[in-house]
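In terms of the working numbering, the sequence shown opens at residue 1428 and continues consecutively.
Glycine included, C-beta positions come from ideal geometry on N, C-alpha and C.
All of these numbers come straight from a predicted model, not from anything done at the bench.
One structure is given here, and the rest of the page talks about it.
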Amino acid sequence: MNLTGPWDRPRVDEFLADARIPVRIGCRTPAGDPWMVSLWFRWDGAIHCATGADADVVGFLESDDRVSFEISTNDPPYMGVRGRGRATVTADEDKRILRSLLERYLGGTDNELGDRLLRPDREEVHVRIDPERLHSWDFTGRMPAGPDRTD
1428 MNLTGPWDRP RVDEFLADAR IPVRIGCRTP AGDPWMVSLW FRWDGAIHCA
1478 TGADADVVGF LESDDRVSFE ISTNDPPYMG VRGRGRATVT ADEDKRILRS
1528 LLERYLGGTD NELGDRLLRP DREEVHVRID PERLHSWDFT GRMPAGPDRT
1578 D
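Encoded structure:
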């Protein structure tokens, strides 16, 4: 994997493991049009997401597995990681990935969204993105923190 930008791999891993913001994924439709979707994720050297088996993006990724992605802060000072890679889509029959994302983003599965997404009749898939290139950026040194931030 090609890594560029100011952060070394341990810093990239730390940022991605701690980030509680969605990954923005760019892909192509079967007609070749650009498409973007935001999904919750977890990181272990690959990006792991969950979505409904009937989501449009599932068919798009099955048609063309090449993706771009970005995980970045929404408030100054801006920082993040972007890149490109290949996506694979597999069934998540026991909803293991979805459960882990509900834990990560909401602190558990005992909530209205968890109840809706974990219904037994809802089919879920695991979207795994294996990065081929990562690029980090960090504007901390040249941009003040936003009004709600103290770091």
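Taking Ile1524 as the centre and dropping the five residues before and after it, the same chain places the C-beta of His1475, Ala1477, His1553 closer than 7 angstroms to its C-beta, in chain order.
The Cβ atoms of Phe1496 and Gly1510 sit closer than 8 angstroms to each other.
When secondary structure is reduced to three states using DSSP, Thr1500 falls in the coil class, being assigned neither helix nor strand. For Pro1437, the closest C-alpha among the options Ile1452, Pro1449, Phe1566, Trp1470 is that of Trp1470. Between Gly1507 and Arg1546, the alpha-carbon positions lie close to 34 angstroms from each other. Contact between Arg1549 and Thr1515 fails: their C-beta atoms lie close to 21 angstroms from each other, not under 8 angstroms.
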